[in-house]
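Trainee: This structure is in structure tokens; I'll ask about it shortly.
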Amino acid sequence: MAKYMLLIHGDAAQWDAMTPEQWAVHHAAHAAFREAAGDRIVGGEQLEPAPTATTVRSGGTDEPMITDGPFLDAKEGLGGFYLLEAADLDEVLKLVPLLPEVHAAHSAVEIRPVVFHG
Amino acid sequence: MNDEVVAAVAEAHRREWARIVATTARLTRDLDLAEECAQDAYAQALRVWAESGVPQRPGGWLTEVARNRARDVMRREARFRRALPLLVTDETVPGPEDGLAADDRLRLIFTCCHPALDRATQVALTLRLVSGLSTAEVARAFLVREATMAARITRAKRKIATARIPYRVPSSDQLGTRVGAVLQVVHLIFTIGHTAPDGAQLVRRDLCTSAIDLARLLHLLMPTDTAVSALLALLLLNEARAASRLGPDGSLRLLADQDRSSWDAGLITEGVALLTDALRRATPTRYAVEAAIAAVHAEAPTWADTDWNEIIALYGVLRTMWPDSPVVQLNQAVAIGMRDGPQAGLDALEPLLGDPALATYQYLSAARADFLRRLGRQPEAATAYAEALTLTANDVERRYLAARLDEVVHG
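For the protein sequence lines, the chains are X and D, in the order given. Sequential numbering of the first sequence, starting at 1, is according to the numbering used here. Sequential numbering of the second sequence, starting at 1001, is according to the numbering used here.
Structure below.
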């Protein structure tokens, strides 16, 4: 088995513009995904929007630089994640299309294998 | 070294390479090691066969040697290899409902053409691992440096292992779309070979041969898949005319000027039979319609006898399957010009002139130039030929266009 991080990227402005009805459909889709994935899900959360992020990086001195916002200033940001355990990439690729973010025009799901530290 | 042995090894390389890599990979669960062991087996064949003769089943001999070599390496490196990510292999045989034989070569092709790899990488890996082209040859097909291609292939193999792209024929619910990707890769290999995008040669024979071998292999392994049959038919019908595309002096011969007696009648018969069978069994795929167009050309006894009505109608069908392809529209416009005269052709090309997708497509300028020339509008024809010339990087095509340009300028 291997672990995969599913990073849900999208345009926060478009998520914010969704109606309660649209959110209900959205949440139902996530529920269907979680049901299909079952105990393959190791973890997963929705994240607060990008403006709530704080980034720490090298300031060129000994003291790290702390800045407001995400590392990359892009229209699309990280909106949430799942951590899945699966036998191979095809198993993940069968589940991921259940996520509503795969079908909206402004969002996408990135699948990243997690490094195994035996 | 005796020629017979060299020829036997070359033949075994062409026919058996994919099977040997594929079978060995299932044992090693490591594409790199499988490839190395296959290479070793061929090197040994050159030595051993020269002494003791070519074995009755060269493929079996080579597979055995490659797998033995793999066992040795794995025993020696057992501790080291445990730390490496390995190919996910699946020993289960697909059920009869898949209609597929669990052939190792199919696993290899589907792994190389996995959608998690980009298209250029799929093509490169397929040429390297399935067709057995050297990294230098694959680099030449892509017009990149060998080191660049080696790095790309290494990265792809690493992704296959670390992202755990399975070494398996996809399950039936995914098979449809996955076969589509495989066919696109094979078609692309043929297209790159058919008119080399760059360089001194018009045709890259090695790539065309490789694509046809792959299509034949897929057809052998998936005989009931009509999209596979249609693609093989398309490639064979194009290949049948290959020898006549260049004159004795190496100059380009357009379809109208080709010596039809040099077309390969055997390939045409085979292509038409495959296509007919595919059309009888299922609704036509994109490749079937393209093959049908190639068949109409291949079966016309002379250029004047070409059934342009049929060709225009088939391009119409293709446009409904592929509505966003301006190239299909361009080809249909050219066919209209052949049926109804150069002015009609020019009119049909008109709506395409502003299409940004065709802005650097030399065949649009070349087609316009030809119609303008036939209408006697020589200065405009000259401009269009000059434009096509700046957009073409293939030397043989450049010589053809330059000669035509000279003709319309100097009469």
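All C-beta atoms in this analysis are idealised placements derived from N, C-alpha and C, irrespective of residue type, glycine included. Every value quoted in this text rests on a predicted model; they were computed, and no experiment measured them.
Between Glu-110/X and Leu-7/X, is the Cβ-Cβ spacing less than 8 Å?
Mentor: Yes.
Trainee: Arg-1026/D touches chain X at which residues, Cβ-Cβ below 8 Å?
Mentor: Going along chain X, no residue has its Cβ under 8 Å from Arg-1026/D, so there is no contact; the nearest lies around 15 Å.
Trainee: Which of the three DSSP states is assigned to Gln-46/X in this structure?
Mentor: Note: Gln-46/X maps to strand in three-state DSSP.
Trainee: Nearest by alpha-carbon distance to Gln-1056/D: which of Ala-1012/D, Asp-1032/D, Arg-1019/D, Thr-1023/D is it?
Mentor: Among Ala-1012/D, Asp-1032/D, Arg-1019/D, Thr-1023/D, the Cα nearest to that of Gln-1056/D is on Ala-1012/D.
Trainee: So, using beta-carbon positions, are Tyr-1167/D and Leu-1087/D closer together than 8 Å?
Mentor: Cβ distance < 8 Å, so Tyr-1167/D and Leu-1087/D count as in contact.
Trainee: So is Ala-1265/D buried or exposed if we call it buried at 16+ other beta carbons inside 10 Å?
Mentor: Result: exposed.
Trainee: In the DSSP assignment, find the unbroken beta strand (DSSP E) run with Phe-116/X in it and report its ends.
Mentor: Where Phe-116/X is concerned, there is no enclosing beta strand (DSSP E), given that its DSSP letter is neither H nor E.
Trainee: For Leu-95/X, which residues does DSSP report across the bridge?
Mentor: Beta-bridge pairing links Leu-95/X to no other residue.
Trainee: Would you call the segment 1302-1319 of chain D in contact with the segment 1330-1346 of chain D, where contact means no fewer than 3 C-beta pairs closer than 8 Å?
Mentor: Output reads yes: the segment 1330-1346 of chain D touches the segment 1302-1319 of chain D.
Trainee: Look at the alpha carbon of Leu-1236/D and the alpha carbon of Leu-1207/D, and state the distance between them as a whole number of angstroms.
Mentor: One C-alpha to the other measures close to 14 Å.
Trainee: What residues of chain X sit near Thr-1162/D, judged by a beta carbon separation below 7 Å?
Mentor: Within 7 Å Cβ-Cβ: Pro-113.
Trainee: Where DSSP assigns a beta bridge to His-9/X, which residues make up the other side?
Mentor: His-9/X is bridged to Leu-78/X, Ala-108/X.
Trainee: Checking 8 Å against the spacing of the C-beta atoms, do Ala-1295/D and Ala-1230/D come in under that value?
Mentor: Result no, Cβ atoms of Ala-1295/D and Ala-1230/D do not sit closer than 8 Å.
Trainee: Within its chain, find whatever has a CB closer than 6 Å to the CB of Ile-1268/D; leave out the 5 residues flanking it on each side and keep chain order.
Mentor: Answer for Ile-1268/D: Ala-1240, Ala-1298, listed in chain order.
Trainee: Enumerate, from N- to C-terminal direction, the unbroken alpha helix (DSSP H) stretches of 4 or more residues contained entirely within the segment 1050-1080 of chain D.
Mentor: Runs of the alpha helix (DSSP H) inside the segment 1050-1080 of chain D: 1058-1076.
Trainee: Cα-Cα, which of Ser-1210/D, Leu-1221/D, Gly-1271/D is closest to Leu-1234/D?
Mentor: The residue with the shortest Cα to Cα distance from Leu-1234/D is Gly-1271/D.
Trainee: Would you say Leu-120/X lies against chain D (beta-carbon separation less than 8 Å)?
Mentor: Past the edges of chain X, shown from 1 to 118, lies residue 120/X, and the structure says nothing about it.
Trainee: Helix, strand or coil for Glu-63/X, going by three-state DSSP, please let me know.
Mentor: DSSP places Glu-63/X in coil when its eight states are reduced to three.
Trainee: Would Ala-2/X pass as an interface residue toward chain D - the criterion being a Cβ-Cβ separation below 8 Å?
Mentor: So, interface residue.
Trainee: Does the Cβ-Cβ distance between Ala-1384/D and Arg-1368/D come in under 8 Å?
Mentor: For Ala-1384/D and Arg-1368/D, yes; Cβs fall inside 8 Å.
Trainee: Assign Val-1088/D to one of three DSSP states: helix, strand, or coil.
Mentor: Val-1088/D: coil per DSSP, three-state reduction.
Trainee: Please classify Ile-140/X: does DSSP put it in a helix, a strand, or coil?
Mentor: The first residue shown for chain X is 1 and the last is 118, placing residue 140/X beyond what the model contains.
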